[in-house]
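Some notes on the structure that comes next.
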Amino acid sequence: MMAHPFRSLLLAATVLVAASSIPELSAQGVPALKVERSYASARAKAKSDGRLLFIMFEADDCKHCKKFYDKVLNTAVFRNFAKDHLTMVIYNFDTLDNLPDSEQKVADQFVLNFDIEITPTMLVFGPDGKNIVKTKGYRGTSADKIVAQLRSSLP
Numbered sequence: 096m097m098a099h100p101f102r103s104l105l106l107a108a109t110v111l112v113a114a115s116s117i118p119e120l121s122a123q124g125v126p127a128l129k130v131e132r133s134y135a136s137a138r139a140k141a142k143s144d145g146r147l148l149f150i151m152f153e154a155d156d157c158k159h160c161k162k163f164y165d166k167v168l169n170t171a172v173f174r175n176f177a178k179d180h181l182t183m184v185i186y187n188f189d190t191l192d193n194l195p196d197s198e199q200k201v202a203d204q205f206v207l208n209f210d211i212e213i214t215p216t217m218l219v220f221g222p223d224g225k226n227i228v229k230t231k232g233y234r235g236t237s238a239d240k241i242v243a244q245l246r247s248s249l250p
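Sequential numbering from 96 applies to the sequence shown in our numbering.
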């Protein structure tokens with residue numbers, strides 16, 4: 096886990112929705128992660144499709160974020176589950192000036208309302224918008240266990 100050293104800057108800064116930072120798996124039959132580019136579209140999709148809304152905050156220099164990608168996000172078990180049950184948004188703290196104002200405000204509100212100062216931080220909301228999971232940091236939990244927890248949260 097890494098506490099971000101410039102928390103006050105983060106509150107005023109922009110955050111990049113980092114769809115392009117997710118590497119593809121080369122194995123056949125393993126779906127790519129689909130990451131929405133805005134919270135509003137992700138929220139609407141989660142609600143209309145009865146999916147969980149998975150929001151992650153990451154940083155480029157975060158070694159625990161890299162481990163989370165390797166051990167969870169890039170695994171077949173997670174990607175297969177996400178394909179059918181998750182709508183995802185990923186915010187990257189290190190890209191500070193590429194979001195529209197409205198998305199900056201959304202990211203800033205998440206940082207304030209959920210006291211996000213450690214990366215990775217994951218928030219999961221039900222289709223009804225209720226926050227059901229908040230996890231700060233990554234401690235090596237397997238993709239199987241994370242998927243089981245998410246599956247138990249499905250409506």
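From the three backbone atoms N, C-alpha and C, an ideal C-beta is built for every residue, glycine too.
Here the structure is a predicted model, which means the values were calculated and not measured.
Assignment of K225 by DSSP, reduced to helix, strand and coil, places it in the coil class.
In the structure shown, F205 adopts helical secondary structure according to DSSP, grouped into three states.
In terms of Cβ geometry, T230 and F152 do not form a close pair [threshold 8 Å].
Around the beta-carbon of N193, fewer than 16 other beta-carbon atoms lie within 10 Å, marking it exposed. For L218, the secondary structure class from DSSP, reduced to helix, strand or coil, is strand. DSSP places L181 in the uninterrupted beta strand (DSSP E) bounded by L181 to N187.
Within a 10 Å sphere around the beta-carbon of T182 sit 16 or more other beta-carbons, which makes this residue buried. Rounded to whole angstroms, the separation of the alpha carbons of R246 and A238 is 12 Å.
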